[in-house]
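See below for the structure under consideration.
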Amino acid sequence: MRVAGERGVRVVDEAVMRSTRTSEDELARVEEIERVELDRRSRRYRGDRPRTELRGRTAVVVDDGVASGSTARAACLIARRLTDATHWVRTRDEARDLPVGFFGASNGAAAALWAAAEPDSPVGAVVSRGGRPDRAGLRLPAVTAPTLLIVGGNDDVVIGLNQQAQARLGCENRLAVIPGATHLFEEPGTLEEVASLAAQWFTGHLPPASHPAA
């Protein structure tokens with residue numbers, strides 16, 4: 006949606022702004038928060054050293070996939086589609102009375118939380134697996150559905166990002182850390198533990214499905 010850099014650098018993806026219906030005021034609030042974080046990281050990484058002059062040098066820029074990039078745009082588009090798909094399902098006679106839960110992994114978790122924050126969202130519970138809930142940004146305080154955040158114990162960066170997101174949630178929530186698991190939960194038994202935790206969360210927070218009398 007937007008990338009902020011030092012010396013006032015600001016790049017905005019207008020297409021993502023339109024697709025997510027993000028207002029200029031919302032964008033400004035996010036930018037203000039991220040400018041503070043940018044300054045903090047600059048002081049931490051550079052210390053008191055002056056900026057390196059880049060004229061006459063070759064700079065190699067690496068996108069680690071954590072901070073920004075096309076995956077963020079994909080998450081925004083998924084959120085819109087998820088919202089539309091959920092409303093469509095609720096119009097179907099066979100699904101109208103069924104409880105709704107969202108399960109998202111990686112950027113899909115941000116999409117699930119973004120969609121769950123819609124005022125008319127019917128979602129009753131959300132589970133994030135190795136997700137990036139922080140990318141739901143200003144939407145997080147608006148989520149009312151009980152939310153479970155599952156992360157791998159060896160996924161240090163994502164643990165921190167989930168802790169930041171959890172602090173912004175006002176709904177019932179829990180952060181579950183699976184010891185020994187990395188980001189994709191490829192270690193033996195870790196995905197089974199994810200499935201068990203998710204099943205317990207959904208069955209504990211979603212009401213039983215109602216069935217019409219025969």
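Per my numbering: the sequence shown = residues 6 to 219. Every residue gets a Cβ at the ideal spot worked out from N, C-alpha and C, and that includes glycine.
For residue i: DSSP bridge partner residues
i	result
V132	F108, L153
N178	T152
I38	None; I38 has no bridge partner.
I183	G157
Anticipated Cβ contact below 8 Å, residue i with residue j, distance rounded
i	j	result
A3	G129	This structure leaves residue 3 out entirely; the chain is present only between 6 and 219.
A186	T195	4 Å
A33	L87	That pair is no contact at about 26 Å.
L174	L202	L174 to L202, Cβ: 17 Å. No contact.
D139	Q169	6 Å
Contact check, residue i vs residue j, beta carbons under 9 Å
i	j	result
G1	G113	Residue 1 lies beyond the stretch modelled for the chain, which goes from 6 to 219, so this question has no answer here.
V105	T91	yes
S133	N167	yes
A147	A122	yes
Residue i burial status per 10 Å Cβ neighbour count (16 or more: buried)
i	result
P212	exposed
S28	exposed
T208	exposed
V131	buried
E42	exposed
V162	exposed
S47	exposed
T57	exposed
I155	buried
Beta-carbon proximity list for residue i, same chain, < 8 Å, skipping 5 on both sides
i	result
A214	D102, L103, P104
G109	A115, A116, A117, L118, V131, V132, S133, R134, G136
6 Å Cβ shell around residue i - same chain, five flanking residues per side excluded
i	result
A100	V94
Residues near residue i in its chain [Cβ-Cβ closer than 7 Å; skip 5 each side]
i	result
P127	T91, R95, V105
A72	In this prediction, A72 scores a pLDDT of 46, lower than 50, which makes its location untrustworthy; the coordinate-derived value is nonetheless stated afterwards. Counting only Cβ-Cβ distances below 7 Å, and skipping sequence neighbours, we find nothing.
S111	G135, G136, R137
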